[in-house]
Amino acid sequence: MSTGNEIERAESEGHAEQQIFSALLTPHRSLNRTGFLAVMLFLSVVSFVTGIVFLMKGAWPVLGFFGLDVLVVWWAFKVNFRTGRAREEITVTTSELRVRRVSHHGQVAEWTFNPLWVRLDMEVDEDFGIEHLYLISRGHQIRIARFLGPDEKASFYKGLIEALNAAKRGPTYNPVT
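At position 139 of the sequence shown (counting the first as 1) the number is 139 in full-length UniProt numbering, and the numbers step up by one without a gap.
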């Protein structure tokens with residue numbers, strides 16, 4: 001097992017392998033921070049104005065429920081953004097395929113495979129497209145690319161297959177002329 005310093009030393013001495021393929025997969029989030037603030041501001045204003053209308057009609061408890069709705073929506077967005085911190089890193093070199101999965105809690109799981117022994121498999125639904133991608137090697141199977149949609153999985157599958165084929169061909173010799 002090598003330490004981080006040994007890896008840095010090997011890279012600085014030119015012994016690091018060139019990456020054939022590298023992908024950082026993250027969950028899709030359609031709303032950025034500015035959009036979140038705009039939605040929350042709009043929801044707060046609408047809830048406050050509607051609550052004031054109910055207050056003026058004598059239904060004062062409704063104002064609190066409108067505030068509670070805003071709080072629940074804020075909490076749901078915060079949970080959604082927190083789960084968006086998860087990621088999956090996949091790299092392929094001529095000698096290894098590495099999958100590093102980081103959960104939204106920061107827990108890390110890592111797998112290393114020899115690309116010569118890896119097979120990429122998928123589950124396909126006729127109506128939906130590619131549902132699941134799996135790396136299979138020596139009896140072990142892990143599911144990858146969970147964050148991607150069917151079209152993105154198809155593109156990712158194609159790129160990873162090309163990288164695995166390049167790794168199986170081995171390093172190429174490019175003489176200087």
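Here a beta-carbon is modelled for each residue, glycine too, at the ideal position from N, C-alpha and C.
- Looking at the backbone, the Cα of G106 and that of T83 are separated by about 10 Å.
- According to the DSSP assignment, F156 belongs to the alpha helix (DSSP H) that extends over 150 to 169.
- Per the Cβ contact rule, the stretch 83 to 97 is in contact with the stretch 17 to 30 (3 or more Cβ pairs under 8 Å).
- Within the model, the alpha-carbon separation for E110 versus A166 is close to 22 Å.
- In this structure, E123 places its C-beta atom within 7 Å of the C-beta atom of H132.
- V79 places its beta carbon 7 Å or farther from that of L43.
- In this structure, the CA atom of H104 is about 10 Å from the CA atom of T26.
- In the DSSP assignment, L41 falls within the unbroken alpha helix (DSSP H) covering 33 to 56.
- For A23, the beta-bridge partners assigned by DSSP are I90.
- Judged by DSSP secondary structure, F113 falls outside any alpha helix (DSSP H) and instead within the beta strand (DSSP E) spanning 108 to 113.
- For F77 against S47, the beta-carbon gap comes to about 15 Å, at or over 8 Å, which does not count as contact.
- For W74, same chain residues with a beta-carbon under 8 Å away, outside a window of 5 residues either side, are M40 in chain order.
- By the CB criterion at 7 Å, K158 and L116 fall outside the cutoff.
- With contacts defined by Cβ atoms closer than 7 Å, I136 and D121 form a contacting pair.
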